[in-house]
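Asker: In order, the protein sequences belong to chains A and B. Residue numbering for the first sequence follows the numbering used here, beginning at 1 and increasing consecutively. Residue numbering for the second sequence follows the numbering used here, beginning at 1001 and increasing consecutively. Positions of the beta carbon are idealized from the N, C-alpha and C atoms, including for glycine. Before I ask anything, here is the structure I am working with.
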Amino acid sequence: MELSCWGGDWGLPSLHPESLTVMAYAKFSGAPLTVNTITNSWRAPKGDLPVLVSEDIVISQPAKILNFLRKQKYNADYDLSAKQGADTLAYIALLEEKLLPALLHTFWVEAENYCSVTKPWFASRIAFPLSLYLPGKMSREALNRILLTKGGPPLYSLTEVEAQIYRDAKECLNLLSKRLGTSQFFFGDTPTTLDAFVFGFLAPIYKVCFPRVQLQEHLKQLSNLCRFCDEILTCYFRLTVSGHSPAGQDTADANLQKLTQLVNKESNLIEKMDDNLRKSPQHPPRKLTTLKLAAGGEESSPMSRLSP
Amino acid sequence: MSLVAEAFVTQLAAAEPWPENAALYQQLKEEQILLSDNASSLAVQAFLQMCNLPIQVICRANAEYMSPSGKVPFIHVGNQVVSELGPIVQFVKAKGHSLSDGLDEVQKAEMKAYMELVNNMLLTAELYLQWCDDVTVEEITHPRYGSPYPWPLNRILSYQKQWEVRRKMKAIGWAGKTLEQVLEDVDQCCHALSQRLGTQPYFFNKQPTELDALVFGHLFTILTTQLITDELSEKVKNYSNLTAFCRRIEQQYFEGHEKESSAIAARSSKRSLLK
Chain A
1 MELSCWGGDW
11 GLPSLHPESL
21 TVMAYAKFSG
31 APLTVNTITN
41 SWRAPKGDLP
51 VLVSEDIVIS
61 QPAKILNFLR
71 KQKYNADYDL
81 SAKQGADTLA
91 YIALLEEKLL
101 PALLHTFWVE
111 AENYCSVTKP
121 WFASRIAFPL
131 SLYLPGKMSR
141 EALNRILLTK
151 GGPPLYSLTE
161 VEAQIYRDAK
171 ECLNLLSKRL
181 GTSQFFFGDT
191 PTTLDAFVFG
201 FLAPIYKVCF
211 PRVQLQEHLK
221 QLSNLCRFCD
231 EILTCYFRLT
241 VSGHSPAGQD
251 TADANLQKLT
261 QLVNKESNLI
271 EKMDDNLRKS
281 PQHPPRKLTT
291 LKLAAGGEES
301 SPMSRLSP
Chain B
1001 MSLVAEAFVT
1011 QLAAAEPWPE
1021 NAALYQQLKE
1031 EQILLSDNAS
1041 SLAVQAFLQM
1051 CNLPIQVICR
1061 ANAEYMSPSG
1071 KVPFIHVGNQ
1081 VVSELGPIVQ
1091 FVKAKGHSLS
1101 DGLDEVQKAE
1111 MKAYMELVNN
1121 MLLTAELYLQ
1131 WCDDVTVEEI
1141 THPRYGSPYP
1151 WPLNRILSYQ
1161 KQWEVRRKMK
1171 AIGWAGKTLE
1181 QVLEDVDQCC
1191 HALSQRLGTQ
1201 PYFFNKQPTE
1211 LDALVFGHLF
1221 TILTTQLITD
1231 ELSEKVKNYS
1241 NLTAFCRRIE
1251 QQYFEGHEKE
1261 SSAIAARSSK
1271 RSLLK
């Protein structure tokens, strides 16, 4: 299975929230995905990213990709109760309605951010001459979406809309922080779909260095959400502090896994041998009976044989 | 609104108690109002009933244009006009009535998340069905939406609204969905609501909150409005605890009133839609 998505920087495997969500879910559920990040070549896939290609089936939106992975038995939500599954849907809706507009604004609409960070970064990863057109198109689409969903009266100017969406986003971050509390993931100790979505939305805000950073500053005050992002990055993506995954890391992991398996097999064999030895008739189980001095002769011979 | 303006309005709101002549404006019940607007209006009425605040429902053909945000319903209280459930809940809270005070922080977060789920999935699905499904548009929406106005104004207004709604659907990615996919989303949403409700009387056990009002508004309207096909209401009927929930709220908050309740009116709109 191959996933095509936008690449990463600043310590993240991807800058694009939806790509990041799919990658995180694949790590959580153990799905074997080969990730192709878009580089400056002509082999760009058509349509929106991320795109999953699996034996001639092409799937494009994160929700559909996750459904497909679940049908292939890579299910990170296996242990969730029905109510927790319902909560997942509700919180994802909250993220899309309240946090996504501000995220889009920070990346694509805020003039300083867009011109100094987003546009050069995306343009450097798209082949010329598409790099002249595509970032502008993505920016226009983002602005369109914000205005159509949030921009009706009584908010009449872009500044009022911006104020409202950042207020909503900060409230959403506060709600997420309260919901997470002190636990490691949203539903206990194993990460699920909701953790993938929250990570996908929060990590770009947290890590990317923008000139205008009001949302990032608010997020940094919520230490449990920052801890949540950092933990997922270190445990599941194994990126070092500098943000580059060492080339030898994967092979070292593979070797470590093989070694662990060998050791496990060895210890299983040793256990079996132990069992056989114990069950063999020459060694009856030790009886904690008191020695009777009268029958000393009979007792002493089993006792002597029991000594290793 | 800036923070200062909001604080000012809250101050004004808190100063006066709830008057007797508070009014809720919506479009004409029999001929004009559409599924999504009816649902929103019913949600606000249910919320105000749950808070025990008297409200009079007034139907005007131009309610949409009178509203400060362009959306119905809106309430006219004292000398203030507030539209949509979210701002109305805050306004009522400023006056000292609230249904969600007894919830802790995590429960409040859950409540807000579920309200967004209903808005995100159910309301968008209703809008899709009304404005993007060609059969429904031709036979129900266009005749109803422009009915108070003479030709050609009725056609112009409904095409304009349709164009607006379709633009919004395209921006959020729903334009590419088929009707089956939309119905499946509705099913998923109802499944989630059903799981969350379980066997409790209300979503947060003993007391109703604004989430109960919102869910009631949407589900009751879906169940009692007749469209081209019954597929949408069938999706809701699959979940017996949701239908029981709607019946319970209807009995408790709407049936004991002398003035024409929206519940009875919704049933009569069922008859009038059979054109």
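What are the residues of the stretch 1100–1120 of chain B that lie near chain A, defined by any Cβ-Cβ distance shorter than 8 angstroms?
Answerer: Those residues of the stretch 1100–1120 of chain B that come within reach of chain A (Cβ to Cβ, closer than 8 angstroms) are E1105, V1106, K1108, A1109, E1110, K1112, A1113, Y1114, E1116, L1117, N1119, N1120.
Asker: Please list, in chain order, the chain A residues whose beta carbon lies closer than 8 angstroms to that of K1168 of chain B.
Answerer: Correct list: L148, T149.
Asker: What does a CB cutoff of less than 7 angstroms around T1178 of chain B pick up in its chain, not counting 5 residues either side in sequence?
Answerer: So no residue of the chain qualifies.
Asker: May I have a chain-ordered list of the beta strand (DSSP E) segments no shorter than 3 residues that lie completely inside the stretch 52–108 of chain A?
Answerer: Complete beta strand (DSSP E) runs here, min 3: 57–59.
Asker: Taking the alpha helix (DSSP H) that L1085 of chain B belongs to, which residues open and close that run?
Answerer: Here the alpha helix (DSSP H) through L1085 of chain B covers 1085–1094.
Asker: Less than 6 angstroms between C-beta atoms, sequence neighbours within five positions excluded: which residues of the same chain meet that for Q61 of chain A?
Answerer: Closer than 6 angstroms at Cβ, skipping near neighbours: no residue.
Asker: Does any CB atom of chain B fall closer than 7 angstroms to the CB of W152 of chain A?
Answerer: One point to set straight first is that residue 152 of chain A is Gly, not Trp, in the sequence displayed. Yes, its Cβ sits closer than 7 angstroms to a Cβ of chain B.
Asker: So, at 8 angstroms on beta carbons, what are the nonlocal neighbours of N36 of chain A in its own chain, with the 5 sequence-adjacent residues on each side left out?
Answerer: Around N36 of chain A: E2, L3, S4, C5.
Asker: Please report the distance separating the alpha-carbon of A1175 of chain B from that of M1169 of chain B.
Answerer: Computed Cα separation, rounded: 5 angstroms.
Asker: List the DSSP bridge partners of Q1026 of chain B.
Answerer: According to DSSP, Q1026 of chain B bridges with B:C1059.
Asker: According to DSSP, simplified to helix, strand and coil, what is H16 of chain A?
Answerer: Looking at H16 of chain A - three-state DSSP - the assignment turns out to be coil, as it is neither helix nor strand.
Asker: Quick one: does V241 of chain A have its CB under 7 angstroms from some CB of chain B?
Answerer: Annotation note: pLDDT 44 at V241 of chain A (below 50); position unreliable, coordinate value reported separately. Cβ-Cβ to chain B under 7 angstroms: no for V241 of chain A.
Asker: What residues in its chain sit with their C-beta under 8 angstroms from that of A142 of chain A, if we drop five residues either side in the sequence?
Answerer: Closer than 8 angstroms at Cβ, skipping near neighbours: L104, H105, F107, W108, V109.
Asker: Where does the unbroken beta strand (DSSP E) through C172 of chain A begin, and where does it stop?
Answerer: Counting along the chain, C172 of chain A falls outside any beta strand (DSSP E), though it belongs to the alpha helix (DSSP H) covering 158–180.
Asker: Answer yes or no: do L66 of chain A and Y133 of chain A have a C-beta to C-beta separation smaller than 7 angstroms?
Answerer: No.
Asker: For the alpha helix (DSSP H) that N144 of chain A lies in, which residues bound it at each end?
Answerer: Note, N144 of chain A: alpha helix (DSSP H), 130–150.
Asker: Buried or exposed, going by whether 16 or more other CB atoms sit within 10 Å of the CB of S1240 of chain B?
Answerer: It is exposed - the Cβ of S1240 of chain B has fewer than 16 other Cβ atoms within 10 Å.
Asker: Residues of chain C with CB closer than 9 angstroms to the CB of R140 of chain A, please, in chain order.
Answerer: Within the model displayed, chain C is absent; protein chains A and B are what it includes.
Asker: Are there 16 or more other CB atoms within 10 angstroms of the CB of P1019 of chain B, so buried, or fewer, so exposed?
Answerer: Classification of P1019 of chain B: exposed, given that the 10 Å Cβ count is below 16.
Asker: Could you pull the start and end residues of the beta strand (DSSP E) that C5 of chain A belongs to?
Answerer: 2–5 is the extent of the beta strand (DSSP E) around C5 of chain A.
Asker: V1236 of chain B and C1190 of chain B - do their beta-carbons sit closer together than 7 angstroms?
Answerer: In this structure, V1236 of chain B lies closer than 7 angstroms to C1190 of chain B by Cβ.
Asker: Please confirm whether R179 of chain A has its beta-carbon closer than 7 angstroms to some beta-carbon of chain B.
Answerer: Cβ-Cβ to chain B under 7 angstroms: yes for R179 of chain A.
Asker: Helix or strand or just coil, what does DSSP make of Q221 of chain A?
Answerer: The answer is coil: DSSP assigns Q221 of chain A none of H, G, I, E or B.
Asker: Buried or exposed: which applies to S116 of chain A, given that a residue is buried once 16 or more other Cβ atoms fall within 10 Å of its Cβ?
Answerer: So S116 of chain A counts as exposed.
Asker: Counting contacts by CB-CB distance shorter than 7 angstroms, is S1041 of chain B in contact with chain A?
Answerer: No, S1041 of chain B lies away from the interface with chain A (no Cβ there is under 7 angstroms from its Cβ).
Asker: With a threshold of 7 angstroms between beta carbons, is L318 of chain A in contact with chain B?
Answerer: Outside the displayed range of chain A (1 to 308) lies residue 318 of chain A, so it cannot be described from this structure.
Asker: List the whole-angstrom C-beta distance separating T192 of chain A from D77 of chain A, where the pair is believed to meet the contact cut-off of C-beta under 8 angstroms.
Answerer: At roughly 5 angstroms, the Cβ-Cβ gap stays under 8 angstroms, so T192 of chain A and D77 of chain A are in contact.
Asker: Should E97 of chain A be flagged as near chain B, meaning a C-beta pair shorter than 7 angstroms?
Answerer: Output row for E97 of chain A: interface = yes.
Asker: For a contact defined as C-beta to C-beta under 7 angstroms, what are the partners of I1172 of chain B on chain A?
Answerer: Those within 7 angstroms of I1172 of chain B in chain A are R145, T149.
Asker: Can you list, in chain order, the residues of its chain with a C-beta nearer than 6 angstroms to that of V1135 of chain B? Leave out the 5 residues immediately preceding and following it.
Answerer: Excluding residues within five positions, the ones whose Cβ falls inside 6 angstroms are I1228.
Asker: Under the DSSP definition of a beta bridge, which residues are partnered with Y1202 of chain B?
Answerer: Y1202 of chain B pairs with B:N1205.
Asker: Can you tell me whether DSSP reads S1262 of chain B as helix, strand or coil?
Answerer: Note on S1262 of chain B: pLDDT 45, under 50, position unreliable in the model; no value is reported.
Asker: For the stretch 1057–1081 of chain B, which residues have a beta carbon sitting closer than 8 angstroms to at least one beta carbon of chain A?
Answerer: Hits within the stretch, in order: P1068, S1069, G1070, K1071.
Asker: For the putative contact between D1212 of chain B and I1172 of chain B, defined by C-beta atoms under 8 angstroms, what is the C-beta separation to the nearest angstrom?
Answerer: The pair is not a contact, with the Cβ atoms about 26 angstroms apart (cut-off 8 angstroms).
Asker: Alpha carbon to alpha carbon, how far is D87 of chain A from S1194 of chain B?
Answerer: Approximately 11 angstroms between the Cα atoms of the pair.
Asker: What ranges does the alpha helix (DSSP H) occupy inside the stretch 1139–1205 of chain B, keeping only unbroken runs of at least 4 residues that lie completely in it?
Answerer: 1142–1145, 1153–1172, 1179–1197, all fully within the stretch 1139–1205 of chain B.
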